[in-house]
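**Student:**
Protein chains in written order, with our numbering: chain S, 161 to 453; chain V, 4 to 274.
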């Protein structure tokens, strides 16, 4: 009895507030747009049963998505932005994680805290901080003009470059922590062995350190890639009107165009795209857990 | 012992500079006298003064705090229960679905979570306001709590619980007297995580809030979309200061506990 209550309470909560809402999105993505509020016409009643539902299933919102170039472009450019920023985050994060792993043991807790601290700070504030830096008369342009590297201000804000910077900045801890965890476990004598056996330091790094931190690299990359794909705040504050990301399109479809069926269809496809990296990530985590036990 | 090479030193310095300079600039310019955020025109605390006059921000801050306290408390209770189910309940029908529902919200884009909850609330005719934001925040933060707590439960020696039961504790007493004190650090960090997630959330709150309840992130977002403003800098500085003090004191406390634990262990060994 007690066990039943223990299972039933969180179970019921998640079914009611996670599973059911998601089924509603699925259902609305298959209904017609109407001008009434709420702006959708329910496509079926549960009572009519599954057969009736299948007969009147309506994919017009999905067909609409494939016909309109905007959505294709938005999905592709989200994938592109997420991929490029993941690679950039890895390139920025790896040297930091590597430095942390080689730092004296008594520094490490402090370094660790310094990495985690920004994570507890508001996401919105961290993105906002870059608005003042990247703008036309912002600090970066002031600095570069002052040093004489450039003669006229660069346009960075409202471009994809600003979005890359924003994603790298906000997701950096997610990349550093798993890589640091992998490097920290590594046996330092392996490097010495490689060097004794005639490897140069660079070769030893490439042949020993990188392969041994592979799991951290994979975990970190997924932890950046998956949320970056559906990101809304960064493209909306740092990106311009030409920065297409699917999270932003969904938001606008919903709040500006008030087209709920299309917004729901956009959400369903975004999830389908996310399933692949999520399943891969899960499998990688499982493999790692098995290898450790 | 490996030594730091010049490369390590440079990458650490640049890395931490990258992480911290934007926030340091933000803090410095919150004390700027001028209206322009990017041009320094003398020291002043007037933006903090204006902030205390701004009713809209104060109201939003109050709503945000209420939502965060209530939702993180619910999330901690539900998340701890869920962690218990995941680690201890063994097999039951629908277990796969259950663990799927625990992990899925962690990777679900916020726009989708927000959209789906909004459609649910409209579908059942629930007026949007503080209640709906609390429901939404509880749902996604309980998953984070359950991940944190279950990672502690996995490493926990179950025989301690069994010993308590053998010695005549009821299951609830065993939980309260043995299990809870041991998993308490994880439960507390779960609560803190849920609390900050709730304080921080813009997207889900935007979908699930109504005109009667605006949270601070929603307010900040609509102000920031129009460009940088010194008032927002002042507000951000206050929030950064709170987080910094919180994280540093939490890490000092846990460090002291660790030292004390070690000393007690040594004392026990000697005795």
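The beta carbon of each residue, even a glycine, is placed where N, CA and C say it ideally should be. Predicted model, so just to flag it, every value in this text is computed and none were measured.
Any beta-carbon of chain S closer than 8 Å to the one on residue 51 of chain V?
**Tutor:** Sequence index remark: in the second chain, residue 51 of chain V carries index 48 (1-based). Cβ-Cβ to chain S under 8 Å: no for residue 51 of chain V.
**Student:** Which residues in chain V sit within 8 Å of residue 338 of chain S, going by Cβ to Cβ distance?
**Tutor:** Here residue 338 of chain S corresponds to residue number 178 of the first chain, with the count starting at 1. The contacting residues do not exist; residue 338 of chain S stays about 14 Å from chain V at best.
**Student:** Using a Cβ cut-off of 8 Å, pull out every chain S residue sitting near residue 47 of chain V, in sequence order please.
**Tutor:** Residue mapping note: residue 47 of chain V aligns to position 44 of the second chain, counting from 1. The premise fails here: residue 47 of chain V is roughly 17 Å from chain S at the closest Cβ pair, so nothing lies under 8 Å.
**Student:** Can you give me, in chain order, the residues of the stretch 433-451 of chain S that have a beta carbon less than 9 Å from any beta carbon in chain V?
**Tutor:** Within the stretch 433-451 of chain S, the qualifying residues are 434, 437, 438, 441 and 442.
**Student:** Residue 92 of chain V touches chain S at which residues, Cβ-Cβ below 8 Å?
**Tutor:** Your numbering for residue 92 of chain V matches position 89 in the second chain. Correct list: 163, 166 and 167.
**Student:** Can you give me the start and stop residues for the alpha helix (DSSP H) that residue 267 of chain S sits inside?
**Tutor:** For the purposes of this step, residue 267 of chain S is taken as residue 107 along the first chain, with counting starting at 1. It is not in any alpha helix (DSSP H) - residue 267 of chain S carries neither H nor E in the DSSP assignment.
**Student:** According to the neighbour-count rule (16 or more other Cβ atoms, all chains shown, within 10 Å of its Cβ), is residue 203 of chain V buried or exposed?
**Tutor:** Residue numbering aside, residue 203 of chain V sits at position 200 when the second chain is read from its first letter. Under this definition residue 203 of chain V is a buried residue.
**Student:** According to DSSP, is residue 35 of chain V helix, strand or coil?
**Tutor:** Indexing the second chain from 1 puts residue 35 of chain V at position 32. Residue 35 of chain V falls in the strand class under three-state DSSP.
**Student:** Determine whether the beta carbon atoms of residue 426 of chain S and residue 394 of chain S lie at a separation below 8 Å.
**Tutor:** What you label residue 426 of chain S is simply residue 266 of the first chain in a count that begins at 1. What you label residue 394 of chain S is simply residue 234 of the first chain in a count that begins at 1. Not a contact, by the Cβ cut-off of 8 Å.
**Student:** Would you mind telling me which residues of chain V sit closer than 8 Å to residue 393 of chain S, beta carbon to beta carbon, in chain order?
**Tutor:** Along the first chain, one-based indexing puts residue 393 of chain S at 233. Within 8 Å Cβ-Cβ: 205, 206 and 224.
**Student:** When the distance is taken between beta carbons, is residue 234 of chain V closer than 8 Å to residue 53 of chain V?
**Tutor:** On the second chain, position 50 is the one that residue 53 of chain V refers to. On the second chain, position 231 is the one that residue 234 of chain V refers to. Closer than 8 Å, so yes.
**Student:** My understanding is that residue 197 of chain V touches residue 119 of chain V, with C-beta atoms under 8 Å, so please give their C-beta distance in whole angstroms.
**Tutor:** In the second chain, residue 197 of chain V corresponds to position 194, counting from 1. In the second chain, residue 119 of chain V corresponds to position 116, counting from 1. Contact doesn't hold; Cβ gap of about 20 Å is too wide.
**Student:** Is the number of C-beta pairs between the stretch 290-298 of chain S and the stretch 313-327 of chain S that are closer than 8 Å three or more?
**Tutor:** Yes, the stretch 290-298 of chain S touches the stretch 313-327 of chain S.
**Student:** Could you check the C-alpha separation between residue 322 of chain S and residue 390 of chain S for me, to the nearest Å?
**Tutor:** Within the first chain, residue 322 of chain S is the residue found at index 162, counting from 1. Within the first chain, residue 390 of chain S is the residue found at index 230, counting from 1. Each residue's alpha carbon lies about 17 Å from the other.
**Student:** Return the first residue and the last residue of the alpha helix (DSSP H) that residue 124 of chain V is part of.
**Tutor:** By 1-based counting over the second chain, the position of residue 124 of chain V is 121. 113-126 is the span of the alpha helix (DSSP H), which, as asked, contains residue 124 of chain V.
**Student:** Is there a C-beta anywhere in chain A that falls below 8 Å from the one on residue 281 of chain S?
**Tutor:** In summary, chain A is missing from the structure at hand, where the protein chains are S and V.
**Student:** From which residue to which residue does the alpha helix (DSSP H) around residue 419 of chain S run?
**Tutor:** Indexing the first chain from 1 puts residue 419 of chain S at position 259. Premise fails: residue 419 of chain S is in no alpha helix (DSSP H) and is neither H nor E.
**Student:** Using only CA atoms, which one of V/158, V/200, V/192 and V/133 lies nearest to residue 215 of chain V?
**Tutor:** Residue mapping note: residue 215 of chain V aligns to position 212 of the second chain, counting from 1. Residue V/133 is the option with its Cα nearest to residue 215 of chain V.
**Student:** Within 8 Å of any Cβ in chain V, is that where the Cβ of residue 222 of chain S sits?
**Tutor:** As a first step, residue 222 of chain S is located in the first chain; it is residue number 62 there, counting from the start. Chain V, which has no Cβ nearer than 8 Å to the Cβ of residue 222 of chain S, makes this no.
**Student:** With a threshold of 8 Å between beta-carbons, can residue 235 of chain V be considered close to chain S, or not?
**Tutor:** Counted from its first residue, the second chain places residue 235 of chain V at position 232. With 8 Å as the cut-off, residue 235 of chain V counts as an interface residue toward chain S.
**Student:** Looking at the structure shown, is residue 300 of chain V part of a helix, part of a strand, or coil, going by DSSP?
**Tutor:** There is simply no residue 300 of chain V to check, as chain V begins at 4 and stops at 274 in what is shown.
**Student:** Can you list the residues of chain V that residue 180 of chain S reaches, using a CB-CB cut of under 8 Å?
**Tutor:** Position 20 of the first chain, counted from the first residue, corresponds to residue 180 of chain S. Under the 8 Å cutoff, chain V gives 123.
**Student:** Taking DSSP as the reference, what is the three-state secondary structure of residue 164 of chain S?
**Tutor:** To locate residue 164 of chain S, count along the first chain from 1; it is residue 4. Correct three-state label for residue 164 of chain S: helix.
**Student:** For a test of the three-state rule: what should DSSP assign to residue 46 of chain V, helix, strand or coil?
**Tutor:** The residue given as residue 46 of chain V occupies position 43 in the second chain. Strand, per DSSP.
**Student:** Identify the contact partners of residue 334 of chain S in chain V, using a Cβ-Cβ distance below 7 Å as the criterion.
**Tutor:** Working through the first chain from its first residue, we reach residue 334 of chain S at position 174. In chain order: nothing, as chain V lies at least about 12 Å away.
**Student:** When you compare each of V/179, V/128 and V/101 to residue 178 of chain S by their alpha carbons, which one comes out closest?
**Tutor:** The sequence position of residue 178 of chain S within the first chain is 18, counting from 1. Residue 178 of chain S has its Cα closest to that of V/101, out of V/179, V/128 and V/101.
**Student:** Looking at C-alpha atoms only, which residue of V/261, V/223 and V/183 is the closest neighbour of residue 208 of chain V?
**Tutor:** If you number the second chain from 1, residue 208 of chain V lands on position 205. Residue 208 of chain V has its Cα closest to that of V/223, out of V/261, V/223 and V/183.
**Student:** Under 8 Å by Cβ, that's how I've got residue 392 of chain S and residue 206 of chain V pegged, so tell me the actual separation to the nearest angstrom.
**Tutor:** Taking the first residue of the first chain as 1, we reach residue 392 of chain S at position 232. Taking the first residue of the second chain as 1, we reach residue 206 of chain V at position 203. 6 Å between Cβ atoms; contact.
**Student:** Considering only the beta carbon of each residue, do residue 237 of chain S and residue 431 of chain S sit closer than 8 Å?
**Tutor:** On the first chain, position 77 is the one that residue 237 of chain S refers to. On the first chain, position 271 is the one that residue 431 of chain S refers to. Going by C-beta atoms, residue 237 of chain S is not nearer than 8 Å to residue 431 of chain S.
**Student:** Output yes if chain V places a C-beta closer than 8 Å to the C-beta of residue 424 of chain S; else output no.
**Tutor:** Taking the first residue of the first chain as 1, we reach residue 424 of chain S at position 264. Judged by the 8 Å Cβ criterion, residue 424 of chain S is in contact with chain V.
**Student:** Mapping DSSP to helix, strand and coil, what is residue 190 of chain S?
**Tutor:** Within the first chain, the letter at position 30 stands for residue 190 of chain S. In this structure, residue 190 of chain S counts as coil in the three-state DSSP scheme.
**Student:** If you count every other CB in all the chains shown that lies within 10 Å of the CB of residue 35 of chain V, and 16 or more means buried, which is it?
**Tutor:** Position 32 of the second chain, counted from the first residue, corresponds to residue 35 of chain V. Its Cβ being crowded by 16 or more others within 10 Å, residue 35 of chain V is buried.
**Student:** Tell me which residues share the same chain as residue 332 of chain S and place their Cβ nearer than 7 Å to its Cβ, disregarding the 5 neighbours each side in the sequence.
**Tutor:** In the first chain, the residue the question calls residue 332 of chain S occupies position 172. These residues qualify, in order along the chain: 249, 252 and 253.
**Student:** List, in chain order, every chain S residue whose beta-carbon is nearer than 7 Å to that of residue 88 of chain V.
**Tutor:** On the second chain, residue 88 of chain V is found 85 positions in, with the first residue counted as 1. The answer, in chain order, is 166, 167 and 170.
**Student:** Residue 84 of chain V: buried (16+ other C-beta within 10 angstroms of its C-beta) or exposed?
**Tutor:** For the purposes of this step, residue 84 of chain V is taken as the residue at position 81 of the second chain. Buried, since its Cβ has 16 or more Cβ neighbours within 10 Å.
**Student:** Which runs of the alpha helix (DSSP H) spanning at least 4 residues fall entirely within the stretch 160-235 of chain V, listed in chain order?
**Tutor:** Taking only runs of at least 4 residues, the alpha helix (DSSP H) segments lying wholly in the stretch 160-235 of chain V are 161-169, 174-177, 183-203, 206-211 and 219-227.
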